[in-house]
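Residue numbers (this note's numbering): 73 to 390. Just so it is clear, CB atoms sit at the ideal spot from N, CA and C, and this is done for glycine as well. Notes follow once the structure below has been shown.
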């Protein structure tokens with residue numbers, strides 16, 4: 073039994089239930105872009121070119137990724153098929169967490185799109201709707217900031233992993249990914265989400281996956297990425313603020329912001345082509361901004377107001 077879903081505009085056919093995704097609502101005659109099947113995965117790929125403790129890559133680019141007590145995944149060389157062998161329950165949230173984490177990052181690399189460790193929101197602008205993204209290490213508050221935008225009426229394209237495609241005319245464009253947002257328990261309370269209605273990201277974690285309604289998820293065509301904000305936390309107000317960056321510093325920060333950066337470089341069949349895609353994508357983003365932000369929910373609204381005022385204009389706020 074299978075179902076068809078939508079992810080990044082791709083038609084995904086899956087034997088594995090994927091409640092994180094929306095059902096496919098496009099052309100029923102459209103080809104399958106990504107097939108996720110359940111089945112046995114070999115212990116070792118033939119003609120292995122790279123072999124680490126949990127990751128292997130074969131000579132043709134096929135990858136094997138194994139997480140003990142969760143699942144083993146086999147990713148086709150072209151990123152169009154994934155085989156999943158769960159260790160226990162097919163429905164375990166951790167199986168999907170790694171599927172939409174490291175495995176998804178490899179799929180993106182194989183399809184010549186870039187997964188960025190960032191959340192992404194949709195804003196109106198004088199030139200039309202655009203996307204802006206916020207990147208930071210885990211635990212820095214990306215999803216919390218995205219929730220603050222959502223509370224003001226600005227929908228989300230992506231949470232945690234923003235997928236970028238390089239368009240010849242528009243530069244880097246953001247694709248709509250998962251209609252969900254992951255929040256820690258304190259952020260759940262801050263934004264009025266009931267913990268009882270949400271699924272834990274992984275057993276034992278106080279982090280929850282919250283589904284987004286149609287009004288909060290920017291499903292549709294890819295949007296030009298107008299700005300990338302690089303978040304850093306500071307403890308002293310005198311160090312807080314926004315600073316525009318460009319050139320090599322922006323490119324280096326962009327590269328480090330790739331989701332599973334080391335994995336992507338390890339499995340890239342052509343390292344030079346991967347590096348070129350990264351540098352061209354970084355250069356195509358008009359605005360890179362370093363954001364030094366104080367911790368705490370009480371500082372979110374001020375930051376949101378400053379960003380919205382720049383992109384939208386005070387008279388056009390939602």
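Own chain partners of residue i with C-beta closer than 8 angstroms, once the 5 adjacent residues on each side are dropped
| i | result |
| --- | --- |
| residue 217 | 191, 206, 303, 372, 375, 376 |
| residue 319 | none |
| residue 306 | 312, 364, 365, 366 |
| residue 98 | 78, 83 |
Where residue i falls: helix, strand or coil (DSSP)
| i | result |
| --- | --- |
| residue 250 | coil |
| residue 76 | strand |
| residue 391 | Nothing in the structure corresponds to residue 391, since the chain is present only between 73 and 390. |
| residue 384 | coil |
| residue 83 | strand |
| residue 338 | helix |
| residue 373 | helix |
| residue 120 | strand |
| residue 92 | coil |
| residue 292 | coil |
| residue 134 | coil |
| residue 127 | strand |
| residue 238 | strand |
| residue 379 | helix |
| residue 243 | strand |
| residue 111 | coil |
| residue 286 | helix |
C-beta contact flag for residue i and residue j at 8 angstroms
| i | j | result |
| --- | --- | --- |
| residue 301 | residue 363 | yes |
| residue 144 | residue 188 | no |
| residue 102 | residue 83 | yes |
| residue 200 | residue 179 | no |
| residue 251 | residue 283 | yes |
| residue 297 | residue 379 | no |
| residue 124 | residue 247 | no |
| residue 428 | residue 194 | The first residue shown for the chain is 73 and the last is 390, placing residue 428 beyond what the model contains. |
| residue 349 | residue 186 | yes |
| residue 203 | residue 295 | yes |
| residue 157 | residue 112 | yes |
| residue 359 | residue 329 | no |
| residue 90 | residue 168 | yes |
Reference residue i, options the options, closest by Cα
| i | options | result |
| --- | --- | --- |
| residue 93 | 136, 324, 291 | 291 |
| residue 154 | 139, 134, 166, 164 | 134 |
| residue 240 | 324, 355, 341 | 355 |
| residue 172 | 281, 208, 352 | 281 |
| residue 225 | 110, 382, 285 | 285 |
| residue 108 | 100, 87, 117 | 87 |
| residue 163 | 345, 110, 221, 323 | 110 |
| residue 353 | 343, 323, 182 | 323 |
Close Cβ partners of residue i (< 7 angstroms) along its chain, the five nearest in sequence each way excluded
| i | result |
| --- | --- |
| residue 159 | 141, 142, 143 |
| residue 139 | 126, 170 |
| residue 96 | 76, 77, 78, 83 |
| residue 231 | 191, 215, 218, 250, 252, 253, 254 |
| residue 237 | 185, 245, 247, 294 |
| residue 174 | 137, 332, 335 |
| residue 131 | 119, 121 |
Other residues of its chain near residue i: CB distance less than 6 angstroms, five sequence neighbours each side excluded
| i | result |
| --- | --- |
| residue 128 | 117, 120, 136 |
Quiz item: Quick one: complete alpha helix (DSSP H) runs, 4+ long, within the segment 196-225?
Solution: 214-223
Self-check item: Runs of alpha helix (DSSP H) lying entirely within the segment 137-199, each at least 4 residues, in chain order
Solution: Listed in chain order, the complete alpha helix (DSSP H) runs (minimum 4 residues) inside the segment 137-199 are 165-170, 176-182.
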